[in-house]
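S.K.: Just so you know, we're using the numbering used here here: the sequence shown kicks off at 401 and counts up by one.
Cβ coordinates follow ideal geometry from the N, Cα and C atoms, glycine included.
Bear in mind the structure is a predicted one, so any value in this text is a computation, not a measurement.
Here it is, the structure in full.
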Amino acid sequence: MGEVLSQSEIDALLSALSSGEIEFEDSPPEEKHRVKKYDFKRPNKFSKEHIKTLEMVYDNFSRTVSNFLTAQLRTSVNIKVVSTEQITFEEFIRSIPNPTILMTFYLDPFTGPMMFETEPQFVFQLIDILFGGTGKSIIKTREFTEIEKNIMKKINLKMLENLKLAWEDIMDVNVRFESLETNPVLNQVIAPNEPVVLVTMSVEIDQNQSFMNMCIPYMSLEKHMEKLIIQYKTAVSSVDDLENKKRMEKNLSDVKVDIFVELGRSYLTVEDFLNISVGDCITLNEKINDTLKLYIEDKAHFKVYPGTIGKKLGVQIVEIIDEDVKEYE
C-alpha cells in the first residue's frame, strides 16, 4: 500500500505545481489493441493448408486430363494450374463469360454441388479438332448448338472421371452429373455470398491458350475438411503405404517363376546335329569341378554345385551373381 500524504504535503505539492517548480508527467498512453479487419460478406473459411491440398489435388487432375486430351485430339495438350484462390460464388459467376459451358456435378461422398467451366475458346478449338480441323482458325464467340453442347457434355464428363485418380490419395470419390448451362447467370444452386475455392487451369493446344475453371464451394467440403489437412493426409498415406507394401510382398511371394541350371554349352554344325544317334557323347564347355549357372526367368542369378537331396537332384548355391539380389538378401 502506498504512503498516505498529509493535508500540508498535498498543499505543498499543489503550490509547487502551480509555480512550475515541479513538472507534471503525463501518464503513459494505453497500448492500442491490434485489430484485424474481417469482412463478414467474404468470410475466410479455407485455411492455407486446405488451399495447398486442393492445389495439389487439381495439379494431379490437370496432368491426367492433359494425357487424356492428348490421346483424344492426337495433338500435344498442356494443362497446368495457374491460380487457386478463395472468392465468393457471385464473383466466380461474374468472372466467367457468357456463353460458356458450365457443368454442375456432385463428387460423392461430398455433399454439395461443384462447378466445372470451360470457356468458349477452349470449346470451339476442341470441337474444331474433333471434327477434322486444325484448331488454329479464328474463333468467334457465338451461342452453342445442341450438338456442340452434347459433345462437350461427354468430353467434360470424361475429363471429370480423372478426379478419381486426383483424389485417390485422400479419399475415394465418384462423379455424378447434375446439369449443364451456357448462361452462368441461370446457375443459382449456391448463395451469392457462399465462399468457394476457384482453381484456374490454363490449357495450351498448338500454342493457343485458353482456360477452364473448377469451382469448389465450402458447403460441399464442410463435412470432410479434416481430410484436407496435410498432416492428416500424410499420416493416413504412410499407414496406407505400409499396408500396400505388405500386401504387395504377400502377392509377389506366391508368384511362380521358371528356374533351371545350365550344365554347359556346345556348338555343333548342322551336319553333326543331323548325324547324332543314341549313345553319342557331346563335349560341353564346362569342366567337372566348375560351378554351374542357375537361371531365374532366363537370367543368371547364382553359381551352384550339382548334387542330390535325398532321392532327388539338387544344387547348392555358392555365389550370387546379380548384385541387386545380393543387396536385397
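1) Go through its chain and collect everything with a Cβ distance to K623's Cβ below 7 Å, but skip five positions before and after it.
2) Based on the DSSP output, what are the partners of V670 in its beta bridges?
3) Which residue wins for smallest C-alpha separation from I551, given the options N613, K711, A700 and L526?
4) Kindly provide the ranges of any beta strand (DSSP E) runs that are 3 or more residues long and lie completely inside the segment 586 to 652, ordered along the chain.
5) Specify the secondary structure class of N363 as computed by DSSP and reduced to three states.
6) So, for D658: in the same chain, excluding its five sequence neighbours on each side, which residues have a beta-carbon less than 7 Å away from its beta-carbon?
7) Using a threshold of 8 Å, state whether the C-beta atoms of I479 and N587 are closer than that.
8) Note down the Cα distance separating M614 from S483, rounded to an integer number of angstroms.
9) How many whole angstroms separate the CB atoms of V596 and T504, which I take to be in contact at a CB cut-off of 8 Å?
10) Based on the DSSP secondary-structure assignment, which residues constitute the bridge partners of G714?
11) Provide the residue span of the beta strand (DSSP E) that contains L580, from first to last.
12) Can you have a look at S760 and say buried or exposed, based on whether 16 or more other CB atoms are within 10 angstroms of its CB?
13) I'd like to check one pair, S579 with F522: are the Cβ atoms closer than 8 Å?
14) Whole angstroms are fine: how far does the CA of M514 sit from the CA of L530?
15) May I ask which residues mark the beginning and end of the beta strand (DSSP E) holding N478?
16) Using a 10 Å radius around the Cβ and a threshold of 16 neighbouring Cβ atoms, would you call S462 buried or exposed?
17) For T470, which residues does DSSP report across the bridge?
18) Can you give the Cα-Cα distance for T708 and E643, rounded to whole angstroms?
19) With DSSP run on the structure shown, which of helix, strand or coil describes D690?
20) May I have the straight-line CA-CA distance separating T634 from V715, to the nearest angstrom?
21) Compare the Cα-Cα distances from I721 to each of Y458, T691, F516 and G532 and report the closest residue.
22) Is F660 helix, strand or coil when you go by DSSP?
23) Cβ of T669 within 7 Å of any heavy atom in the ligand NAD?
24) Hey, could you find the ends of the alpha helix (DSSP H) F524 is sitting in?
25) Would DSSP call A412 helix, strand or coil?
M.R.: Checking against the coordinates, here is how it stands:
1) By the criterion of a C-beta distance shorter than 7 Å, K623 is surrounded in its chain by T511, once the five residues flanking it on both sides are discounted.
2) None, per the DSSP bridge assignment.
3) L526
4) 595 to 605 and 608 to 617
5) With the chain covering only 401 through 729, there is no way to say anything about residue 363.
6) E697
7) no
8) 11 Å
9) About 13 Å separates the two Cβ atoms, so there is no contact after all.
10) DSSP links G714 through a beta bridge to G707.
11) N574 to E581
12) Given that the chain is displayed from residue 401 to residue 729, the structure contains no residue 760 and the question cannot be resolved.
13) no
14) Approximately 27 Å between the Cα atoms of the pair.
15) V477 to T488
16) buried
17) The partner list for T470 (beta bridge, DSSP) is empty, contrary to what the question assumes.
18) 41 Å
19) coil
20) Residue confidence is low: T634 scores 47 on pLDDT, short of 50, so the model does not pin down where it sits. No coordinate-derived value is stated.
21) Among Y458, T691, F516 and G532, the Cα nearest to that of I721 belongs to T691.
22) strand
23) In the structure shown, the ligand NAD is absent, as is every other ligand, since no ligand is present at all.
24) F524 -> alpha helix (DSSP H) spans P520 to L530.
25) A412: helix per DSSP, three-state reduction.
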